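Quick note: the sequence shown uses our numbering, first residue 39, plus one each step.
Working notes for the structure below.
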Amino acid sequence: QNEFTNNNDFLQEEEDDTQQYEDTADTFMSSSQPSIISGPSIKKKQRIETTTSSSTTNPSTSLIANISGGATPIHDFSSKLKMSKTSLDGSILFPLSIGEKPWRPPHNPVDFMDGCFELDLPDFDPNNLSSSNNNNTVAIKFHAPQESSRFSINIAAPNHNGYDSILFHFNPRQFQRGGQLVINNKKESMWGNDLSVPLSTLPLVFGKAACTLIVQVNEEGFDVFVEGVHCARLEHRMALPKFKGPLRLQFPASDDYGNPEDWEVYRVWWGHKDSMAGKDLSGVAGVNVYSSVHPKKLFVSGLPKIHSDPEVDLRRAEMERAFRKYGGPNGAVLVSVQKDSTFAFVEVASEQQADLALVEMAGRYRVNKARRTKHEALMEERAAKEAAEKGNVKESVDWD
Numbered sequence: 039q040n041e042f043t044n045n046n047d048f049l050q051e052e053e054d055d056t057q058q059y060e061d062t063a064d065t066f067m068s069s070s071q072p073s074i075i076s077g078p079s080i081k082k083k084q085r086i087e088t089t090t091s092s093s094t095t096n097p098s099t100s101l102i103a104n105i106s107g108g109a110t111p112i113h114d115f116s117s118k119l120k121m122s123k124t125s126l127d128g129s130i131l132f133p134l135s136i137g138e139k140p141w142r143p144p145h146n147p148v149d150f151m152d153g154c155f156e157l158d159l160p161d162f163d164p165n166n167l168s169s170s171n172n173n174n175t176v177a178i179k180f181h182a183p184q185e186s187s188r189f190s191i192n193i194a195a196p197n198h199n200g201y202d203s204i205l206f207h208f209n210p211r212q213f214q215r216g217g218q219l220v221i222n223n224k225k226e227s228m229w230g231n232d233l234s235v236p237l238s239t240l241p242l243v244f245g246k247a248a249c250t251l252i253v254q255v256n257e258e259g260f261d262v263f264v265e266g267v268h269c270a271r272l273e274h275r276m277a278l279p280k281f282k283g284p285l286r287l288q289f290p291a292s293d294d295y296g297n298p299e300d301w302e303v304y305r306v307w308w309g310h311k312d313s314m315a316g317k318d319l320s321g322v323a324g325v326n327v328y329s330s331v332h333p334k335k336l337f338v339s340g341l342p343k344i345h346s347d348p349e350v351d352l353r354r355a356e357m358e359r360a361f362r363k364y365g366g367p368n369g370a371v372l373v374s375v376q377k378d379s380t381f382a383f384v385e386v387a388s389e390q391q392a393d394l395a396l397v398e399m400a401g402r403y404r405v406n407k408a409r410r411t412k413h414e415a416l417m418e419e420r421a422a423k424e425a426a427e428k429g430n431v432k433e434s435v436d437w438d
């Protein structure tokens, strides 16, 4: 019956169109016209489209709008991150060619090394972690199916000895204790005390079409961001490599017991990005597990903001001149300055010189003892151990 009614409406509409055309033509023929005729002006009747309530409230966009204003493809990073192939501060490590398929772990691996995926993270300088020229950020675009139980990544030093030692381990486990993100390290085949974060407190990881993981390496440790949310920090538990070189990124094929991982890796980017960590870190898991005041390093704050490399050089020269008298017999002080900052770090010759500088320079600068980073403490511990092995005497400093 509805079909019959719609047909009648359509025929009636066609008859109306015909009648309108004939009426217009009759009027034109009956009227007196000049010798030069421009022709009748016939208006086409607008057809009224029938729409459902859903299409009225949510009108569909045009094909051109869909092409020009579409969302970022799931295989790509958001344009806000500026992590494209043409970015000046980093590069795409995977995929290397157009059309290369995402990486997936094998279905039945013998162990975690059987079919794992490994990439070098080049030009990592552990001695210039705060430098704007140092690579410090790895980003991974991935998909973990809804039924996946777990997946993981490892970051290790070049001498990892078959991943017996791992600097950073990231491992979401969907069905463990209601869902946990486990972050850890491994030293000489022994896992450390894990840092566990409930998955319920994080952005969705499993069952999402695509997710972005970002890990930044700094003087404090490894900062972890899932979909832009700062969810954890693993403070350094092992000393970083001594010299500039590559780190090793690994996607294991299975866990330690041979259970296969289940996820897809779409894209990997490595380069430099300014710290994404905010000022308030009180809600970030793992922050301030370690804390200690540096005995010889001073934090000079409240300085005019600088923006360019020449200004950095001038700021460094100013600090060296101002604190030279606290640098021992040679007047040598170590100054660290960053772009877009209002502060500087100055390391003097000894703890006694640092205490003296706090008193004498208080009227000229805002000076406080700097907090020692975990990386610095580990480097000093390693240096003291090497000195002891060689039979050399080295000044020791207690730290928690």
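Ideal Cβ placement from N, Cα and C applies to all residues, glycine included.
A quick note: this is a predicted structure, and the numbers were derived from the prediction, not measured.
P348, enclosing alpha helix (DSSP H) - first and last residue: D347 to A360
Going along the chain, which residues of its own chain have a beta-carbon closer than 6 angstroms to the beta-carbon of P164, five neighbours each way excluded? L278 and P279
Closest residue to E156 among D293, S203, G216 and L285 (Cα-Cα distance): L285
Whether K179 touches Y364 by CB criterion (8 angstroms): no
Residue range of the alpha helix (DSSP H) that L396 falls in? E389 to E398
Beta-carbon separation of R404 and V375 under 8 angstroms? no
Classification of H113 by the beta-carbon crowding that lies within 10 angstroms, buried from 16 upward: exposed
So does the stretch 264–278 actually touch the stretch 136–155, counting three or more Cβ pairs closer than 8 angstroms? no
When N209, Q254, A248 and M276 are compared against V235, the one with the closest alpha-carbon: N209
Which first and last residues belong to the beta strand (DSSP E) in which Y304 is found? E302 to G309
Could you check where the beta strand (DSSP E) with V148 kicks off and where it finishes? Where V148 is concerned, there is no enclosing beta strand (DSSP E), given that its DSSP letter is neither H nor E.
Thinking D293 and R188 are a contact (beta carbons under 8 angstroms), I'd like their distance in whole angstroms, please. 7 angstroms
Contact belief for H207 with S190 at Cβ below 8 angstroms, rounded distance in angstroms: 7 angstroms
Enumerate in chain order the residues of its own chain whose CB-to-CB distance from E418 is below 6 angstroms, with the five nearest sequence positions on each side excluded. none
With DSSP as the reference, label T239 as helix, strand or coil. helix
Going by CA-CA distance only, name the one from V384, I136, F150 and T110 that's closest to E299. F150
Cα-Cα separation, V350 to L167: 16 angstroms
Backbone CA spacing between H274 and G324 [nearest angstrom]: 11 angstroms
I need the DSSP call for S91, collapsed to helix, strand or coil. The predicted position of S91 is uncertain, since its pLDDT is 41 and thus under 50; no value can be drawn from it.
Cβ neighbour criterion (16 or more within 10 Å) applied to V16: Because residue 16 is not part of the residues shown, which for the chain are 39 to 438, the question remains open.
In terms of residues, what are the limits of the beta strand (DSSP E) holding A408? R404 to R409
To the nearest whole angstrom, what separates the beta carbons of V386 and A400, a pair I think is in contact under 8 angstroms? That belief does not hold up - the Cβ atoms of V386 and A400 are roughly 15 angstroms apart, past 8 angstroms.
Buried or exposed: P290, going by 16 or more other Cβ atoms within 10 Å of its Cβ? buried
Using the DSSP secondary-structure output, state which residues sit across from I136 in a beta bridge. In DSSP, I136 forms no bridge with anything.
Is the distance from the Cβ of S116 to the Cβ of W301 below 8 angstroms? no
So the beta strand (DSSP E) C154 belongs to, where does it begin and stop? From DSSP, C154 is part of no beta strand (DSSP E); its letter is neither H nor E.
Given a cut-off of 8 angstroms, decide if T380 and S320 are closer than it, judged by their beta-carbon atoms. no
Out of I130, H181, K120 and P367, which has the shortest C-alpha to C-alpha gap to V306? I130
Please tell me whether K407 and V322 are closer than 8 angstroms, where the distance is taken between their beta carbons. no
Whose CA, out of P133, D127, F213 and N192, lies closest to the CA of N171? D127
If you reduce the DSSP assignment to three classes, tell me which class N166 lands in. helix
Three-state class that DSSP yields for E385 in the structure shown: strand
Can you name, in chain order, every residue of its own chain whose Cβ lies under 6 angstroms from the Cβ of L352, other than the five neighbours on each side? none
Just list the residues that DSSP pairs E265 with in beta bridges. In DSSP, E265 forms no bridge with anything.
Quick check on R420: does DSSP put it in helix, strand or coil? helix
Span of the beta strand (DSSP E), counted from its first residue to its last, around H274: Neither: H274 is in no beta strand (DSSP E) and is coded neither H nor E.
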